Amino acid sequence: MDILEAIILAIIEGITEYLPVSSTGHMIIVSSFFGIAQEDFTKLFTIVIQLGTILSVVVLYFKRFFQTIDFYFKLLIAFIPAVVFGLLLSDVIDSLLESPLVVAFSLVIGGIILLRVDDLFGNSDNTDISYGTAFKIGLFQCLAMIPGVSRSGASIVGGMTQKLSRTAAAEFSFFLAVPTMLGATLKKSYDYYNSGFTLTSDQINLLIIGNIVGFVVALFAIKTFIGYLSKHGFKIFGYYRIVVGIAIIVIHYFIWPLTVI
Numbered sequence: 059m060d061i062l063e064a065i066i067l068a069i070i071e072g073i074t075e076y077l078p079v080s081s082t083g084h085m086i087i088v089s090s091f092f093g094i095a096q097e098d099f100t101k102l103f104t105i106v107i108q109l110g111t112i113l114s115v116v117v118l119y120f121k122r123f124f125q126t127i128d129f130y131f132k133l134l135i136a137f138i139p140a141v142v143f144g145l146l147l148s149d150v151i152d153s154l155l156e157s158p159l160v161v162a163f164s165l166v167i168g169g170i171i172l173l174r175v176d177d178l179f180g181n182s183d184n185t186d187i188s189y190g191t192a193f194k195i196g197l198f199q200c201l202a203m204i205p206g207v208s209r210s211g212a213s214i215v216g217g218m219t220q221k222l223s224r225t226a227a228a229e230f231s232f233f234l235a236v237p238t239m240l241g242a243t244l245k246k247s248y249d250y251y252n253s254g255f256t257l258t259s260d261q262i263n264l265l266i267i268g269n270i271v272g273f274v275v276a277l278f279a280i281k282t283f284i285g286y287l288s289k290h291g292f293k294i295f296g297y298y299r300i301v302v303g304i305a306i307i308v309i310h311y312f313i314w315p316l317t318v319i
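Below, the structure is given as structure tokens:
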């Protein structure tokens, strides 16, 4: 991986991490199109640069992270399902991460759901998140272990099924991303070093650049998304997912087979 490839992946991560379109899915597809080798460091890179996007949430919602201890207990409860299923399904998840077609079908199915979610659950004004609601959102988030589902999309829809407003569900999804992605980063880093790999100075520089780019891009993406979502809902994201998913399927079957190298 070179600097340009690192910047491209970081931009994709920053734009898509908090949108309901699947950041992991997009990075898999972009890697496939650009021929970015899916070596061990590349897989580590795509996880570790999430630290930059985590920081963007902390910066934008700084005061919310220092209100009540209740806030942290709810995040912990919502985070537990990801820990359990992540450990149980680690090998399965790694195999799915190498399939652009899994991403494509997930994008289409998720897009169809997003086209209907506003009609099914409406846009209530409820912002109260109970412990039970937090746990259920955490369960929905686990669906994103399938590449292309979207962590933010699954958890936002999960919140709306519990009668939360679109904005409240989206913001809780952002907050939940902090422990979830931090945990994923720590686990991936541990696995990387446990396998006998070490980082070179060039690789460390790529990680630093990726996190900085991801942080800056995510700041703008979050603010834009919340403003748009509160007024217009999810339909545009549903159409986008369907179009991209179908395009990937058509390219794979009729133009050239997509593979993650």
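Position in the sequence shown (first residue = 1) + 58 = the working numbering. Beta carbons: idealized from backbone N, C-alpha and C, even for Gly. The structure presented is a predicted model; accordingly, all values stated were derived computationally and were not measured.
* DSSP on Met59, reduced to helix/strand/coil? -> Per DSSP, reduced to three states, the secondary structure at Met59 is coil, with no helix or strand assignment.
* CB Val302 to CB Ile69, shorter than 9 Å? -> In this structure, Val302 lies away from Ile69, with their beta-carbon atoms at least 9 Å apart.
* Asked: Got a sec? Which residues, its chain only, sit under 7 Å from Phe255 by beta carbon, not counting five neighbours each side?
  -> Closer than 7 Å at Cβ, skipping near neighbours: Asp98.
* Return the Cβ separation of Thr238 and Ala140 in integer angstroms, given the expectation that the two are a contact with Cβ distance under 8 Å. => With 8 Å as the limit, Thr238 and Ala140 qualify as a contact, their Cβ atoms being about 5 Å apart.
* Just checking, does the segment 123-133 make contact with the segment 255-264 on the three C-beta pairs under 8 Å criterion? -> The segment 123-133 is not in contact with the segment 255-264.
* Sequence-distant residues of its chain with Cβ nearer than 6 Å to Lys221 (five each side left out) -> Cβ-Cβ distances below 6 Å link Lys221 to Ser182 and Asn184 in the same chain, with the five nearest sequence neighbours on each side left out; the list follows chain order.
* **Cβ neighbours of Thr100 in the same chain (closer than 8 Å, five flanking residues each side left out)** => Closer than 8 Å at the Cβ level, and outside the excluded window around Thr100, lie Met59, Ser89 and Ile94.
* Asked: Counting only runs that start and end within the segment 127-190, where is the alpha helix (DSSP H) found for 4 or more residues in a row?
  -> Complete alpha helix (DSSP H) runs here, min 4: 127-146, 148-154 and 158-179.
* Asked: Comparing alpha-carbon positions, which option in Ile313, Tyr311 and Ile306 lies nearest His84?
  -> Nearest option by C-alpha distance: Ile306.
* To do: In angstroms with no decimal places, state the Cα-to-Cα distance between Gly190 and Phe233.
  => Here the alpha carbon of Gly190 sits roughly 17 Å from the alpha carbon of Phe233.
* **Where Tyr76 sits in the DSSP three-state scheme** => The three-state secondary structure of Tyr76, taken from DSSP, is coil.
* Using a threshold of 9 Å, state whether the C-beta atoms of Leu67 and Gly268 are closer than that. => Yes; because the gap between Cβ atoms is below 9 Å, this pair is in contact.
* Going by the CB atoms, is the gap between Met203 and Phe124 shorter than 9 Å? -> Here Phe124 is not near Met203, since their CB atoms are 9 Å or more apart.
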